[in-house]
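A.B. asks: Here the protein sequences come in this chain order: C and P. Quick note on our numbering: the first sequence kicks off at 10 and runs consecutively. Quick note on our numbering: the second sequence kicks off at 10 and runs consecutively.
Number of protein chains: 2
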Amino acid sequence: MSDTQEKKQFVEDLTDQADDFSRWYLEVVRKAQLADYTPVRGSMVIRPYGYGIWEHMQRLLDRRIKATGHENAYFPLLIPESLLQLEADHVEGFAPECAWVTEGGREKLEERYAIRPTSEAIIGHLYSRWIESYRDLPVLLNQWCNVMRWEKVTRPFLRTSEFLWQEGHTAHATEPEAREEVLRMLEVYREFIETELAIPVYAGKKSDAERFAGADETYTVEGLMRDGKALQCGTSHHLGQHFAKVFDITYQDEQGKRQHVWQTSWGMTTRMIGALIMVHGDDQGLRLPPNVAPVQAVVVPIWRKDEDKAAVRAFVDRVKQMVGDVVRLKIDDRDQYSPGWKYNEYEMRGVPLRLEVGPKDVASQAVMTVRRDTRAKESVPLAALATRLPALLADIQASLFQQAEEFRSQNTTLAGSKAEVIAHFEADRRGFVAAPWDGSASYEAEVKEKTGATLRCVPFDLSRFGSLERPGHRVALFARSY
Amino acid sequence: MSDTQEKKQFVEDLTDQADDFSRWYLEVVRKAQLADYTPVRGSMVIRPYGYGIWEHMQRLLDRRIKATGHENAYFPLLIPESLLQLEADHVEGFAPECAWVTEGGREKLEERYAIRPTSEAIIGHLYSRWIESYRDLPVLLNQWCNVMRWEKVTRPFLRTSEFLWQEGHTAHATEPEAREEVLRMLEVYREFIETELAIPVYAGKKSDAERFAGADETYTVEGLMRDGKALQCGTSHHLGQHFAKVFDITYQDEQGKRQHVWQTSWGMTTRMIGALIMVHGDDQGLRLPPNVAPVQAVVVPIWRKDEDKAAVRAFVDRVKQMVGDVVRLKIDDRDQYSPGWKYNEYEMRGVPLRLEVGPKDVASQAVMTVRRDTRAKESVPLAALATRLPALLADIQASLFQQAEEFRSQNTTLAGSKAEVIAHFEADRRGFVAAPWDGSASYEAEVKEKTGATLRCVPFDLSRFGSLERPGHRVALFARSY
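1. Rounded to a whole number of angstroms, what is the C-alpha to C-alpha distance between A485/P and L464/P?
2. Within a Cβ cutoff of 7 Å, which residues of the same chain sit near R327/C, ignoring the five residues on either side of it in sequence?
3. What is the C-beta distance between L195/P and V230/P, in whole angstroms, given that I count them as a contact (C-beta under 8 Å)?
4. In chain order, what residues of the same chain lie with their CB nearer than 6 Å to the CB of D25/C, ignoring the 5 residues before and after it?
5. Within 10 angstroms of the Cβ of A187/P, are there 16 or more other Cβ atoms? Answer buried if so, exposed if not.
6. Could you name the residues of the same chain whose beta carbon sits closer than 6 Å to that of W33/C, not counting the 5 residues immediately before and after it, in chain order?
7. Could you compute how far the alpha carbon of E112/C sits from the alpha carbon of T111/P?
8. Whose Cβ in chain C lies nearer than 8 Å to the Cβ of G102/P?
9. Whose C-beta lies closer than 8 Å to the C-beta of A82/P among residues of the same chain, with five residues either side of it excluded?
10. So for I140/C, helix, strand or coil by DSSP?
11. Between which residues of its own chain and G78/P is the CB-CB distance below 6 Å, once the five residues before and five after are set aside?
12. H8/C and P147/C: beta carbons closer than 8 Å?
13. Mark P126/C as exposed unless 16 or more other C-beta atoms lie within 10 angstroms of its C-beta, in which case mark it buried.
14. When the Cα of I340/C is compared with those of D317/C, N353/C, M357/C and L364/C, which residue comes out closest?
15. Please name the residue, chosen from T169/C, Y491/C and L69/C, that lies closest to T204/C on a Cα-to-Cα basis.
16. Counting only the same chain and skipping the five closest in sequence on each side, list residues whose C-beta sits under 7 Å from that of A224/P.
17. If we cut at 8 Å on Cβ distances, does P105/C have a partner in chain P?
18. When you check each C-beta in the region 20-47 of chain C against every C-beta of chain P, which residues fall closer than 8 Å?
19. Which whole-angstrom value describes the C-beta separation of M377/P and L295/P, a residue pair presumed to lie in contact below a C-beta threshold of 8 Å?
20. In chain P, what lies closer than 9 Å to Y122/C by C-beta?
21. I think F416/P touches L233/P, with their Cβ atoms under 8 Å apart; what is that distance to the nearest whole Å?
22. Give a yes or no on whether the minimum CB-CB distance between T278/P and chain C is below 8 Å.
23. Report the rounded CA-to-CA distance for W139/C versus T259/C, giving the unit in angstroms.
24. Which of the residues in the region 445-463 of chain C, read from start to end, lie with their CB under 8 Å from any CB of chain P?
25. Can you check whether the CB of V304/C is closer than 8 Å to the CB of L95/C?
26. Where do the ends of the beta strand (DSSP E) carrying Y211/P lie?
27. Using a Cβ-Cβ distance under 8 Å, would W159/C count as near chain P?
28. Counting contacts by CB-CB distance shorter than 8 Å, is M10/C in contact with chain P?
29. Are R343/C and P361/C touching if we call contact CB-CB under 8 Å?
30. Among M277/P, P185/P and A393/P, whose alpha-carbon lies nearest the alpha-carbon of Q241/P?
31. How would you label E176/C, buried or exposed, when you count the other beta carbons within 10 angstroms and need 16 or more for buried?
32. For the region 449-463 of chain C against the region 404-423 of chain C, do three or more pairs of beta-carbon atoms, one drawn from each stretch, fall closer than 8 Å, so that the two count as touching?
33. Roughly how many angstroms lie between the CA atoms of G367/C and I311/C, to the nearest whole one?
34. List the residues of chain P that E64/C touches, going by C-beta distances under 8 Å, in chain order.
35. Here's the rule I'm using: 16 or more other beta-carbon atoms within 10 Å means buried, otherwise exposed. How should Q272/P be labelled?
36. Cα-Cα, which of V456/C, T183/C and G359/C is closest to V37/C?
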């Protein structure tokens, strides 16, 4: 089979985004070997390439979580039903989606255990034992773990029964300190997602209807996927004293008086791998931001005659020596696949840079670089590789952000009234719609009922929405969402 | 309360190892804030200080797992009962200790799911789908995750229903390649445990009675705790074709013929935190090897007069600037505790180096260093800190290993016969006993029944046991164990 035939077949295999975005998504997940289905209802396996992305996300976010003073810990997977039931809103929100352990060893248990859907309850119980004095505050903990929410309709990364995440849980002496923490961690998410994942997000506050079960207030960062749907990318909750009161988490203040603590929680999940796919992907497959790409540059050696092989290989070794420490490099010297087949495979997998090394490149002591995002080619002399490759990667990172930002800008519509919001979505137009909102639940409910769009957030930054400000109203962003 | 009174009270609180090792262990776990009990049967919470140790272990072991060609992935937490039942020995070994999920959402499930006690079954199922050709082999995957084995009697880190571990799972074209992998990963464990945890281990093969449920052969590294009991520190299993046959994991070889793969699995767990405590701890508490200590050096500022405070603080800032990047440093400038109280606290927590900074030190532009292992003091000039502290830490790391090695050497007894083995343990003597073993299960069973000691392994390295070699016998190591 010729290169051209191979290429055609490989690309034909992938559905166009415009034809069926949902099918395109599922095909990319499978073809790029990010994840696979399993015989466990609603659970996926995250394959090494997908998990590699997650490891980079973890590394880059964990660094920020620690830099803001938090430490990691590990709390139990199982939560006794009686603990989960203490906070009324919380149990109402989560109990219907719990998986329940009812047997252990060969015995039926006296009390059911939920596999954690989130850990406020078990952590609240322990904080009540650990916190005694104002000197013990603030408590700033985070955990990386698996959680489970029994889902009927699932989609890899976006909605699965089991998923991976980090959940931060903090306790503070005063309400203002807790509020500051909530906003600090929302800002950590915004900066992490925009810097490392190249996804622009709107940061803001959720409406009462959309807030976390058991929280006073929920804040969110919302991204826009290429099919025009919004995706919640991370949330930060001001828990107030709800859990402190039911779990009796108190401290003695400087005057010797017992006070309840103020709490926050905040989380980000493997769902963000889905966001990466849907924000940056194109009709050839994934396009990964270099900062989280498991492979930043793939070297494809090329020879037609056997006598070229040794020289090409030796040159590839030199390339590896020059840049192996500054760039995450993979060398694909498999004999059974043609260069053209490999080009398509790494485009599908979204590797930011391809480095072609053939006899001509060896002769000119240079490497032909091909960008995944623009397909722009540039011959880079061997001696310049160690500085030019990182610069190219930084440029790709910036360019992906800019493209996503332009897409979001083109797909954020200003509407002057509720009627315009409804008309937008009824006309099957997509993206975010910003509109003045009177703060009522009935407004939200009407939009949702008529169009399926929900209130994503009341954004902090009004610089683009100044024209929508009305007395007695806030600007809100609506969108259909995942 | 004076420093002396405080000190006395703090130290009096900790049971002596010689009086009650088990109680000493539990007290250290709680007082050093490594872990705590929870209302979930058999589950503990790993507190930040304990989890910090685990994070360093993960980082240092993960690096070695990747350097030997493995990639990380993530497989489902839940395993359908029907999958677990496919391999007869495996289900017999694990089913009695499984926690079972029987309800999801509001529905009773048609089939029970086990929370993974280990992942051979679910991974075997997926390998059967992923592996088609010899070109797909070897498959070299690892996962870091939580597992659960329903335990009746638990002890923090050593035996809990839920624990954290890594489990490697590989598939190979041939038996020799699988065997090579099994021994390669056992050597990775040995080198990691000795280098980073400063724990000397005997590497060897388990007897048939002690091998993993579903394996052909199990290899182990065994450490010796300060109470004379052995602890299994890591295992590597040659799975043969047991799982390949029941899960139908086959590949087409170069001749186009279908073959079953050969598999291995290998794991190391949070139990190693328990090993660190029990190998290096003393009557003042923990002693952490610097390579995995969350805090390698703690700075305690000292002043008696308020006018000294500013100068001491400024000097501490300079210390931080000089060594903050080369040593994991903590500065404890809490006003409410005296220096003496802090000394005891960091001894309890096993911080390898204490740096005292008082007015005299400021005057001489030096820092008084105190080693946790030997309590040796040394004044180090500020300008020399960045080279001297890492050297001191390396010396502590080496010294802890040497002490553990000497203890093990003193507590490894050579016995010429089964009768001598039995006599040793019946006299309530401790440690490892090396003896010629005829390879029979009855020998093992008799020792176990009469003394409670088990055959820990048939060691690879016979340099210390040459005198025990007999025709038709192997040298085996026996010990009471955790």
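Just so it is clear, CB atoms sit at the ideal spot from N, CA and C, and this is done for glycine as well.
C.D. replies: Looking at the coordinates:
1. Numbered from its first residue, the second sequence carries residue 485/P at position 476. Numbered from its first residue, the second sequence carries residue 464/P at position 455. Near 7 Å, if we compare the C-alpha coordinates of L464/P and A485/P.
2. Stepping through the first sequence from its first residue, residue 327/C is reached at position 318. If we look at R327/C and ignore the five residues flanking it on each side, its Cβ neighbours are L391.
3. Residue 195/P sits at position 186 when you count from the first residue of the second sequence. Residue 230/P sits at position 221 when you count from the first residue of the second sequence. Indeed, because the Cβ distance is near 7 Å, the residues count as touching under 8 Å.
4. Translated into positions along the first sequence, residue 25/C becomes position 16. Within the same chain, D25/C has close Cβ partners D292.
5. The residue you call residue 187/P lines up with position 178 of the second sequence. Result: buried.
6. Your numbering for residue 33/C matches position 24 in the first sequence. Excluding sequence neighbours, W33/C sits near T24 and Q26.
7. Numbered from its first residue, the first sequence carries residue 112/C at position 103. Numbered from its first residue, the second sequence carries residue 111/P at position 102. Distance between the alpha carbons of E112/C and T111/P is about 8 Å.
8. Mapped onto the second sequence, residue 102/P falls at position 93. Residues of chain C whose Cβ lies closer than 8 Å to the Cβ of G102/P do not exist, since the nearest Cβ in that chain is about 13 Å away.
9. The count along the second sequence starts at 1 and reaches residue 82/P at position 73. In the same chain as A82/P, and ignoring 5 residues on each side of it, the C-beta atoms closer than 8 Å to its own belong to L150, N151 and Q152, in chain order.
10. Residue mapping note: residue 140/C aligns to position 131 of the first sequence, counting from 1. Here I140/C sits in coil by DSSP.
11. Along the second sequence, one-based indexing puts residue 78/P at 69. Around G78/P: L149.
12. Outside the displayed span of chain C (10 to 491) sits residue 8/C, for which this structure offers no information.
13. To locate residue 126/C, count along the first sequence from 1; it is residue 117. Buried, by the Cβ-count rule.
14. Locating residue 340/C in the first sequence gives position 331, counting from the first residue. Closest by alpha carbon: L364/C.
15. Residue numbering aside, residue 204/C sits at position 195 when the first sequence is read from its first letter. If we check each option's Cα against that of T204/C, L69/C comes out closest.
16. One-based indexing of the second sequence puts residue 224/P at position 215. Taken in chain order, the residues that qualify are H246, H247 and L248.
17. As a working note, residue 105/C is residue 96 in the first sequence. Closer than 8 Å to some Cβ of chain P, the Cβ of P105/C qualifies, so yes.
18. D45 and T47
19. Locating residue 377/P in the second sequence gives position 368, counting from the first residue. Locating residue 295/P in the second sequence gives position 286, counting from the first residue. Not a contact, Cβ separation roughly 22 Å.
20. On the first sequence, residue 122/C is found 113 positions in, with the first residue counted as 1. By Cβ distance, chain P contributes V49, R50 and A108.
21. In the second sequence, residue 416/P corresponds to position 407, counting from 1. In the second sequence, residue 233/P corresponds to position 224, counting from 1. Right, the Cβ-Cβ distance comes to about 7 Å (below 8 Å), so this counts as a contact.
22. Within the second sequence, residue 278/P is the residue found at index 269, counting from 1. No, its Cβ sits nowhere closer than 8 Å to a Cβ of chain C.
23. Translated into the one-based positions of the first sequence, residue 139/C becomes position 130. Translated into the one-based positions of the first sequence, residue 259/C becomes position 250. Their backbone Cα atoms lie some 10 Å apart in a straight line.
24. none
25. Taking the first sequence and counting its residues from 1, the one referred to as residue 95/C is at position 86. Taking the first sequence and counting its residues from 1, the one referred to as residue 304/C is at position 295. Going by C-beta atoms, L95/C is not nearer than 8 Å to V304/C.
26. Here the question's residue 211/P lines up with position 202 in the second sequence. For Y211/P, the uninterrupted beta strand (DSSP E) run begins and ends at Y211 to K214, by DSSP.
27. As a position in the first sequence, residue 159/C is number 150, starting the count at 1. So, interface residue.
28. Walking along the first sequence from the start, residue 10/C turns up at place 1. Legend: pLDDT at M10/C = 39, less than 50; position of this residue unreliable, value from coordinates given subsequently. Closer than 8 Å: no.
29. Numbered from 1 along the first sequence, position 334 holds the residue referred to as residue 343/C. Numbered from 1 along the first sequence, position 352 holds the residue referred to as residue 361/C. Note that the C-beta distance between R343/C and P361/C is not below 8 Å.
30. Residue mapping note: residue 241/P aligns to position 232 of the second sequence, counting from 1. Nearest option by C-alpha distance: M277/P.
31. By one-based count along the first sequence, residue 176/C stands at place 167. E176/C should be labelled buried.
32. no
33. Position 358 of the first sequence, counting from 1, holds the residue named residue 367/C. Position 302 of the first sequence, counting from 1, holds the residue named residue 311/C. Roughly 5 Å between the two C-alpha positions.
34. Within the first sequence, residue 64/C is the residue found at index 55, counting from 1. N81, listed in chain order.
35. Position 263 of the second sequence, counted from the start, is the residue given in the question as residue 272/P. With 16 or more other Cβ atoms within 10 Å, it is buried.
36. Taking the first sequence and counting its residues from 1, the one referred to as residue 37/C is at position 28. Comparing Cα-Cα distances from V37/C to each of V456/C, T183/C and G359/C, the minimum goes to G359/C.
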